[in-house]
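Position in the sequence shown (first residue = 1) + 1368 = the numbering used here.
By construction, the Cβ of each residue, glycine as well, lies at the ideal position given by its N, Cα and C atoms.
Everything numeric in this text was worked out from a predicted model, so none of it was measured.
Inspection log for the structure reproduced underneath, given as C-alpha cells.
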Amino acid sequence: MIFLLIEPMSTSDISRVMEIEKVCFPWAWPVEIFYQEIVGNRLAYYYVARLDDEIQGYIGAWILRSGEVHITNLAVHPHYRRKGIARCLLKFLYGLARQKECHTITLEVRRSNHIAIELYRQEGFQETGIKPGYYRDSGEDAVVMRLKLDEGGDIPGQEELYFGH
Ligand SMILES: CC(C)(COP(=O)(O)OP(=O)(O)OC[C@H]1O[C@@H](n2cnc3c(N)ncnc32)[C@H](O)[C@@H]1OP(=O)(O)O)[C@@H](O)C(=O)NCCC(=O)NCCS
1369 MIFLLIEPMS
1379 TSDISRVMEI
1389 EKVCFPWAWP
1399 VEIFYQEIVG
1409 NRLAYYYVAR
1419 LDDEIQGYIG
1429 AWILRSGEVH
1439 ITNLAVHPHY
1449 RRKGIARCLL
1459 KFLYGLARQK
1469 ECHTITLEVR
1479 RSNHIAIELY
1489 RQEGFQETGI
1499 KPGYYRDSGE
1509 DAVVMRLKLD
1519 EGGDIPGQEE
1529 LYFGH
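Below, the structure written as C-alpha cells:
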C-alpha cells in the first residue's frame, strides 16, 4: 500500500514548491506570492502532498465567508503525474470544505488547459462561465468551474490518503 501524506504547506516547503511551480506553469507564480499566501493571508489554505519523502504536488485555496472555497493553485510534478495525486488533493480539499461548512468549490482554469479541465470534469465540476482575457500574462480566457458539495457524505479529512495506480 502506498501512502500519500498531505500536510499544510510551510515556508520551508516553498523552495521545493517553486521547483514544481516552474516546471508546471509557463507563467509560474513568483516566490513572494507563496510567502504572502501562507504567512499573510488568513483566508488561504495551502497543502503539500509528499511521496517518496519529497513534495510532489500541492494545492491552494481560499475559504471565503460566503461559504465558497476558491482553488488558487494545483500542481503535480511531471514525474508523478497520472497517479491520482491531484485527485487526492482535491478530495482532501472537499473534506476541509465540509469541515468549514462550505457548500461550493470554484476555480478558474486557462481555456487551453485541457488536462486540468478534464480532471475537474471527472471530479464533477461544471463549467459555469468564461472570463474573457482573464489572464493578464497571455490574454487567455478563463473557464470558470464550480462543484456543489453534496449534503452530508464522508469527510476525508485524515492526513494520510490511499491512492491508486
Ligand atoms: C492537472 C494536474 C494537476 C493533474 O495532476 P495528476 O496528479 O496527474 O492528476 P490525476 O492523476 O489525479 O488525474 C485525475 C484525472 O484527471 C484526468 N487527467 C489527468 N491527466 C490527464 C491527461 N494527461 N490526459 C487526460 N486526462 C487527464 C483524468 O480524468 C484522470 O483520471 P484517470 O487517471 O483515472 O483517467 C497536472 O497535470 C499538472 O500539474 N498540470 C500542470 C499544472 C496545472 O495545469 N494545474 C491546474 C491549474 S488550474
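Using CA atoms only, rank isn't needed, just tell me which of E1495, V1437, V1444 is closest to E1422.
Here residue 1422 refers to the residue found at position 54 when the sequence shown is read from its first residue. Nearest C-alpha to E1422: V1444.
Once DSSP output is grouped into helix, strand and coil, what is the label at G1520?
Start at 1 with the first residue of the sequence shown, and residue 1520 comes out as number 152. For G1520, the pLDDT reaches just 44, beneath the cut-off of 50, and the residue's location in the model is therefore unreliable, although a value from the coordinates is still provided. It is coil, neither helix nor strand.
Less than 8 Å separating the beta-carbons of L1457 and G1425?
Within the sequence shown, the letter at position 89 stands for residue 1457. Within the sequence shown, the letter at position 57 stands for residue 1425. Result yes, Cβ atoms of L1457 and G1425 sit closer than 8 Å.
On the DSSP letters alone, give me the boundaries of the beta strand (DSSP E) that Y1462 sits inside.
On the sequence shown, position 94 is the one that residue 1462 refers to. Looking at the DSSP string, Y1462 is not in any beta strand (DSSP E); the run it does join, the alpha helix (DSSP H), is 1453 to 1467.
Answer with buried or exposed for Y1415, where buried requires no fewer than 16 other C-beta atoms within 10 angstroms of its C-beta.
Along the sequence shown, read from residue 1 onward, the residue named residue 1415 stands at position 47. So Y1415 counts as buried.
What residue does the alpha helix (DSSP H) around H1447 start on, and which one ends it?
Position 79 of the sequence shown holds residue 1447. Premise fails: H1447 is in no alpha helix (DSSP H) and is neither H nor E.
Taking DSSP's pairing of strands, which residues face Y1415 in a bridge?
Against the sequence shown, residue 1415 aligns to sequence position 47. Note: Y1415 sits in a beta bridge opposite P1376, I1427.
Which residue wins for smallest C-alpha separation from V1512, given the options R1478, D1518, L1373, W1395?
Taking the sequence shown and counting its residues from 1, one reaches residue 1512 at position 144. The option with the nearest alpha carbon to V1512 is R1478.
Mapping the DSSP letters down to three states, classify I1498 as helix, strand or coil.
Counting from 1 along the sequence shown, the entry for residue 1498 is found at position 130. I1498 falls in the strand class under three-state DSSP.
Look up D1371 in the DSSP assignment and say whether it is helix, strand or coil.
Sequence index remark: in the sequence shown, residue 1371 carries index 3 (1-based). The amino acid at residue 1371 is misidentified as Asp; the sequence shows Phe. Strand, per DSSP.
So is V1515 buried or exposed if we call it buried at 16+ other beta carbons inside 10 Å?
Counting from one through the sequence shown, the residue named residue 1515 turns up at place 147. Going by the sequence as given, residue 1515 is Leu instead of Val. So L1515 counts as buried.
Going by C-alpha to C-alpha distance, which of I1388, A1417, L1432 sits closest to C1470?
Start at 1 with the first residue of the sequence shown, and residue 1470 comes out as number 102. For C1470, the nearest C-alpha among the options comes from L1432.
Grouping DSSP H, G and I as helix and E and B as strand, with all else coil, what is L1432?
Locating residue 1432 in the sequence shown gives position 64, where the first residue counts as 1. Coil at L1432, not helix or strand.
May I ask which residues mark the beginning and end of the alpha helix (DSSP H) holding V1407?
For the purposes of this step, residue 1407 is taken as the residue at position 39 of the sequence shown. Neither: V1407 is in no alpha helix (DSSP H) and is coded neither H nor E.
Would you mind reading off the limits of the beta strand (DSSP E) that contains E1476?
Position 108 of the sequence shown, counted from the start, is the residue given in the question as residue 1476. Unbroken beta strand (DSSP E) run through E1476: 1472 to 1478.
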